[in-house]
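A.B. asks: One structure coming up, written as structure tokens, with questions to follow.
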Amino acid sequence: MIIREFFMKTIIIPYLYGSIMPTPTLTHAKTILSITDELLATRLLTLGIFPGKKINLIRRSPFGGSCYVQVDQTLYALRAEEWKAIITDEEI
Amino acid sequence: MSTMKKIGIVGNPNSGKSSIFNILTGLNQKVGNFPGVTVDSKEGLLELLDGTTVNLIDFPGAYSIFSNSSDEFVMTKSLVNPNDPHYPDAILYVADIRNLDKQLLLLTHILDLEFPVIVCLSNIDQVNQTKVNEWVLLLEQKLKCPVIPVSARANINIDILRTKLQGLFQFAHIHSRRDPIYEFDPSLLKDTETLDSMFSFRNNYQKYLWLHVGKEITGDHENRMYLDKQTSIRMQIHETMARFQVIESWERFISDQHHSNTSLIKSKKIDRVLTNPFFGLAIFLVLMFFIFQVIYSWAAIPMEAIESGFGFLSDNIRNILPNHWISQLITSGILPGLSGVLVFIPQIAMLFLMLTLLEEAGYMARVVYLLDHLLRKFGLNGRSIVGLVAGGACAIPAIMSTRNISNRKERLITMFVIPLIPCSARIPVYTALIGFVVPYTMVFGIFNSQGIAFLGLYLLGIFVALITAAVIHYFLPEKERSFLALQLPEYQIPQMRQVLLVVFEKVKTFIIQAGKVILIISMILWFLSSFSWPGELKKAEELARVESLEKNLSEKETANLQDAKRLENSFAGKMGKLFEPLIRPLGFDWKIGIALITSFAAREVFVGTMSTIYSLGGESDEANLHKKLASEKRPDGSIFFDRKTALSLIIFYAFSLQCMSTLAVMKRETKGWKLPIIQFIYMGILAYFCSLMIYQYG
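Spelled out as structure tokens, the structure:
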């Protein structure tokens, strides 16, 4: 059981995230509540990612790498830690 | 120059800024340097309708006046500091109409700075006309400055833009007077009167910005007048949020903003394949393999033409001119140097054509996304991939392409390891030697064994580059935060005009940067290899004549033998002999020593030098050289170029930094000799050690 779960978490789910599943059924836009890291926040702000915007994680590069996200009508690549610093309404 | 009015072109990255700049200035532009940073300043002259010319400055793309990288800081510095040499008199703001909402932030900063501004909405041929009209009306009403929808691709409204730029100066006072969009806290400006005597600020907002960035510009970290880092970041966030709120309130007037963005939907569909975790990487690798195949097979034709053309030219000049040292300098020093520069152009131009096409199409940003995680483990950045790929053709443009890596440490590591990627100048050396290591056989009936060995050398280069990067990453302290946070532009069909201009510029920089170094080195080497202490060359020629009489050689063979003897007794030959004890443990003799020295002009000079010294005449090719080397014996009668010696030499060429042009470019890019010298020593030791291991224990 543990092995299966490990396998699912590390390989199968990240893989499905990116490829087979059509995007809208897997994820949906969440609202950004805050960004925990101030320096990162200034960077994301200037790109147009800030509290109040809808953000949608579309896929990830293999093995927990970069995140492919959509905010409004624009696509972005974020690092995993950059994505983690963004707090959305569903995480609370 | 100082009296000429300056217009700064400002906008987000990927806003179509450069296209507008290029179409306005054409080839009438020059690349210079912004002081203190490595970004090039692109300036061009633009003739207005009344005959006056203005200086157009293309600033690096930025999202906000509060910059996140040294590239962006160039713009901030020039706009906030009235004493800056690039301080513009007016601004041409370029924004891509396809996602305008993100691109208005910087515009609101500039409007608050009260510059005379013209807003230029680019790429209007990509969206429907109603949307364009709606935006133009809205922005003109809200911003109170001229808004011109243009397309550089379809050449729409470019003439109107020129006309309006004329008016920018005539009616500057009208263009620059507006109400502030963001009201900062005026209490922050108290006790700053001293600044007024030093700078003539446009308005209080500029002075307020100076409090944010003045510390960085002047380097005066003690002055308590400036905002401290924490306060500065808080104020920035507050200001940016407030500005976005204003911008969002404008957007409500735009009907189709959140519907019908077909190109976004298309881009997402393409990305389902191209950024797929599994297929994405596979597609990238196949694409790179294909590109290099194409480059090597297509570029071979113009390269041979250039080489034989120069051979023909120098033969003719040699026949026409009297036998004098000046004509020798021309035929053996300058012409080979020129040929050594020009011969690389086909490959460099083709590689950059391909890379620029992919970049303009929007694909390279996806590659950065795919590889960032992997490259981070080695202390590199996703953006390093462009440099690493370009390094496969030539390290010089590759090193220059690392400029968009904003993190200093990641950029240094990338530049440091690029010369380890096998460049095209190593190919002739490998071609002449690989037969000694791997005999020509077919594997599985389709691949030839030497082709596989070539691939192996590439992989070895990449492997060593990555290991080196990881080691530096481990020891070099992290000074600043590294971000990816990258906008993925929507896919579009590249504009040929734009692409060709970029390629033209890369090639031009290569010719100017590498060209002068190769030419100078080539002349020095000519001197070293054709002069010696007085009388010694005469003696060598005499000896050669005696020897040829004994052996009964033909006239041609005698001439070749004389050339070989002259080279042996020249300064270069003496240096080769001087180095011999040092390189003997690697299996090399003084003849290879000479070739190692002459290779500093460019590695492929190896073939020419070895041909001369083995009495083949200077214009021999790799295959002839290979045959000659195969018959060479050591003093004890064993074959000289056995497997071990050849492999040792190949590895030496793979790792050592025998390229003065690379060192010169590294010096320019890092603004100092420290890094190039460390790099030279590191790669030299690496090459020496690996060759030693191979020859002694292989």
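First to last, the sequence lines map onto chains A and B. For what it's worth, the numbering used here labels the leading residue of the first sequence as 1, then goes sequentially. For what it's worth, the numbering used here labels the leading residue of the second sequence as 1, then goes sequentially. Glycine residues also receive a C-beta, built at the ideal position from the N, C-alpha and C atoms.
(1) Could you spell out where the beta strand (DSSP E) holding Cys120 (chain B) opens and where it closes?
(2) Got a sec: which bits of the stretch 53 to 82 of chain A sit with their beta carbon under 8 Å from any beta carbon on chain B, in order along the chain?
(3) Where do the N-terminal and C-terminal ends of the beta strand (DSSP E) with Gly587 (chain B) fall, by residue?
(4) Indicate the three-state DSSP secondary structure (helix, strand or coil) for Ser187 (chain B) in the structure shown.
(5) Taking all protein chains shown into account, do 16 or more other C-beta atoms lie within 10 angstroms of the C-beta of Thr74 (chain A), making it buried, or fewer, making it exposed?
(6) Using a Cβ cut-off of 8 Å, pull out every chain A residue sitting near Ala623 (chain B), in sequence order please.
(7) On a CA-only basis, which of B:Pro180, B:Lys207 and B:Leu165 is nearest Asn81 (chain B)? Give me that one, please.
(8) Is the closest heavy atom of the ligand ZN to the C-beta of Ile156 (chain B) under 7 Å?
(9) Whose Cβ in chain A lies nearer than 8 Å to the Cβ of Val368 (chain B)?
(10) Going by the DSSP bridge assignment, what does Phe447 (chain B) pair with across the sheet?
(11) Considering only the alpha carbon of each residue, which of B:Asn381, B:Ile320, B:Cys423 and B:Ser424 lies closest to Arg403 (chain B)?
(12) For chain A, is any of its Cβ atoms less than 8 Å away from the one on Met442 (chain B)?
(13) Look up Tyr208 (chain B) in the DSSP assignment and say whether it is helix, strand or coil.
(14) Taking any Cβ of chain D, which residues in the stretch 261 to 285 of chain B have a Cβ under 8 Å from it, in chain order?
(15) Select from B:Leu567, B:Asp101, B:Lys506 and B:Leu165 the residue whose C-alpha is nearest the C-alpha of Leu353 (chain B).
(16) Measure the alpha-carbon distance for Thr129 (chain B) versus Gln170 (chain B) and round it to whole angstroms.
(17) If you draw a straight line from the C-alpha of Leu726 (chain B) to the C-alpha of Glu542 (chain B), how long is it?
(18) Between the stretch 111 to 127 of chain B and the stretch 197 to 214 of chain B, can you find at least three pairs of beta-carbon atoms closer than 8 Å?
(19) With a threshold of 8 Å between beta carbons, is Phe378 (chain B) in contact with chain A?
(20) Considering only their Cβ atoms, is the gap separating Ser661 (chain B) from Val517 (chain B) smaller than 8 Å?
(21) How should Pro439 (chain B) be labelled, buried or exposed, when 16 other C-beta atoms within 10 angstroms of its C-beta is the threshold for buried?
(22) Run through the DSSP bridge pairs and tell me what Asn56 (chain A) is partnered with.
(23) Do you know how far the Cα of Gln513 (chain B) is from the Cα of Ile678 (chain B)?
(24) Applying a beta-carbon distance threshold of less than 7 Å, which residues of chain A neighbour Tyr491 (chain B)?
(25) Using a 10 Å radius around the Cβ and a threshold of 16 neighbouring Cβ atoms, would you call Phe680 (chain B) buried or exposed?
(26) Identify the contact partners of Ala85 (chain A) in chain B, using a Cβ-Cβ distance below 8 Å as the criterion.
(27) Are Leu165 (chain B) and Ile118 (chain B) touching if we call contact CB-CB under 8 Å?
(28) May I ask you to list, following chain order, the residues of the stretch 52 to 84 of chain B that have a beta carbon less than 7 Å from some beta carbon of chain A?
(29) Check the Cβ-Cβ distances between Ala41 (chain A) and every residue of chain B, and say whether any is below 8 Å.
(30) Going straight from the alpha carbon of Ala29 (chain A) to that of Ala154 (chain B), what length do you get?
(31) Who are the Cβ neighbours of Ile158 (chain B) in its own chain at under 8 Å, not counting the five residues just before and after it?
(32) What are the boundary residues of the beta strand (DSSP E) that Asn55 (chain B) is part of?
(33) When you compare only the Cα positions, how much space is there between Leu40 (chain A) and Glu82 (chain A)?
(34) Examine chain B for any beta-carbon lying closer than 8 Å to the beta-carbon of Leu44 (chain A), and answer yes or no.
(35) What residues of chain B sit near Leu47 (chain A), judged by a beta carbon separation below 8 Å?
(36) Only counting runs of 4 or more residues, tell me where the alpha helix (DSSP H) segments fall wholly within the stretch 549 to 634 of chain B, in order along the chain.
C.D. replies: So, from the data block:
(1) Numbered from its first residue, the second sequence carries residue 120 (chain B) at position 120. Looking at the DSSP string, the run of the beta strand (DSSP E) that includes Cys120 (chain B) is Val117 to Ser122.
(2) Ile58, Arg59, Arg60, Ser61, Pro62, Phe63, Gly64, Gly65, Ser66, Tyr68, Gln70, Asp72, Gln73, Thr74, Leu75, Tyr76, Ala77, Leu78, Arg79, Ala80 and Glu82
(3) If you number the second sequence from 1, residue 587 (chain B) lands on position 587. Run containing Gly587 (chain B): none; DSSP gives neither H nor E here.
(4) In the second sequence, residue 187 (chain B) corresponds to position 187, counting from 1. Helix at Ser187 (chain B).
(5) Within the first sequence, numbered from 1, the residue matching residue 74 (chain A) stands at position 74. The residue is buried, with at least 16 neighbouring Cβ atoms inside 10 Å.
(6) Along the second sequence, read from residue 1 onward, the residue named residue 623 (chain B) stands at position 623. Those within 8 Å of Ala623 (chain B) in chain A number zero; the least Cβ separation is about 45 Å.
(7) In the second sequence, residue 81 (chain B) corresponds to position 81, counting from 1. It is B:Lys207 whose Cα lies nearest to the Cα of Asn81 (chain B).
(8) The model on display carries no ligand, and the ligand ZN is accordingly not part of it.
(9) The count along the second sequence starts at 1 and reaches residue 368 (chain B) at position 368. Annotation: Cβ neighbours of Val368 (chain B) in chain A (cutoff 8 Å, chain order): Ala77.
(10) Numbered from 1 along the second sequence, position 447 holds the residue referred to as residue 447 (chain B). For Phe447 (chain B), which the question treats as bridged, DSSP gives the partners B:Val443.
(11) The sequence position of residue 403 (chain B) within the second sequence is 403, counting from 1. When only C-alpha atoms are compared, the closest one is B:Asn381.
(12) Numbered from 1 along the second sequence, position 442 holds the residue referred to as residue 442 (chain B). No, no contact with chain A.
(13) Within the second sequence, the letter at position 208 stands for residue 208 (chain B). In the structure shown, Tyr208 (chain B) sits in a helix (DSSP, three-state: H, G or I).
(14) As a matter of chain content, chain D is missing from the structure shown, whose protein chains are A and B.
(15) Translated into the one-based positions of the second sequence, residue 353 (chain B) becomes position 353. Selected option, being the one with the closest Cα: B:Lys506.
(16) Within the second sequence, residue 129 (chain B) is the residue found at index 129, counting from 1. Within the second sequence, residue 170 (chain B) is the residue found at index 170, counting from 1. Rather than Thr, the amino acid found at residue 129 (chain B) in this sequence is Gln. Each residue's Cα considered, the two are about 30 Å apart.
(17) A question about residue 726 (chain B) goes unanswered here, because the residues of chain B that appear run from 1 up to 698.
(18) yes
(19) As a position in the second sequence, residue 378 (chain B) is number 378, starting the count at 1. No, no contact with chain A.
(20) Here residue 517 (chain B) is taken as the residue at index 517 of the second sequence, counted from 1. Here residue 661 (chain B) is taken as the residue at index 661 of the second sequence, counted from 1. Against a cut-off of 8 Å, the Cβ pair of Ser661 (chain B) and Val517 (chain B) comes out as a contact.
(21) Here residue 439 (chain B) is taken as the residue at index 439 of the second sequence, counted from 1. Exposed is the call here.
(22) Taking the first residue of the first sequence as 1, we reach residue 56 (chain A) at position 56. Its beta-bridge partners are A:Gln70.
(23) For the purposes of this step, residue 678 (chain B) is identified with residue 678 of the second sequence, where counting begins at 1. For the purposes of this step, residue 513 (chain B) is identified with residue 513 of the second sequence, where counting begins at 1. For Ile678 (chain B) and Gln513 (chain B), the distance between alpha carbons rounds to 21 Å.
(24) In the second sequence, residue 491 (chain B) corresponds to position 491, counting from 1. Near Tyr491 (chain B) there are no residues of chain A at all, since even the closest Cβ is about 10 Å away, more than 7 Å.
(25) Along the second sequence, read from residue 1 onward, the residue named residue 680 (chain B) stands at position 680. Looking at its Cβ environment, which holds 16 or more other Cβ atoms inside 10 Å, Phe680 (chain B) is buried.
(26) As a working mapping, residue 85 (chain A) is identified with position 85 in the first sequence. By Cβ distance, chain B contributes nothing, its closest Cβ being about 10 Å from Ala85 (chain A), past 8 Å.
(27) Your numbering for residue 165 (chain B) matches position 165 in the second sequence. Your numbering for residue 118 (chain B) matches position 118 in the second sequence. Closer than 8 Å, so yes.
(28) Sequence-ordered contacts of the stretch 52 to 84 of chain B with chain A read Tyr63, Ser64, Phe66 and Asn68 [C-beta pairs closer than 7 Å].
(29) Stepping through the first sequence from its first residue, residue 41 (chain A) is reached at position 41. For Ala41 (chain A), the answer is yes, since a Cβ of chain B falls inside 8 Å of its Cβ.
(30) Taking the first sequence and counting its residues from 1, one reaches residue 29 (chain A) at position 29. Taking the second sequence and counting its residues from 1, one reaches residue 154 (chain B) at position 154. Cα-Cα distance, rounded: 36 Å.
(31) Working through the second sequence from its first residue, we reach residue 158 (chain B) at position 158. Ile23, Leu24, Val150 and Ala152.
(32) Looking up residue 55 (chain B) in the second sequence gives position 55. Run containing Asn55 (chain B): Thr53 to Asp58, per the beta strand (DSSP E) assignment.
(33) In the first sequence, the residue the question calls residue 40 (chain A) occupies position 40. In the first sequence, the residue the question calls residue 82 (chain A) occupies position 82. Straight-line Cα distance between these residues: approximately 7 Å.
(34) Within the first sequence, residue 44 (chain A) is the residue found at index 44, counting from 1. Answer yes: the Cβ-Cβ gap between Leu44 (chain A) and chain B drops below 8 Å somewhere.
(35) The residue given as residue 47 (chain A) occupies position 47 in the first sequence. What Leu47 (chain A) touches in chain B: Tyr63, Lys102, Ala485 and Gln487.
(36) Correct list: 555 to 569, 571 to 583, 590 to 598, 605 to 613 and 622 to 630.
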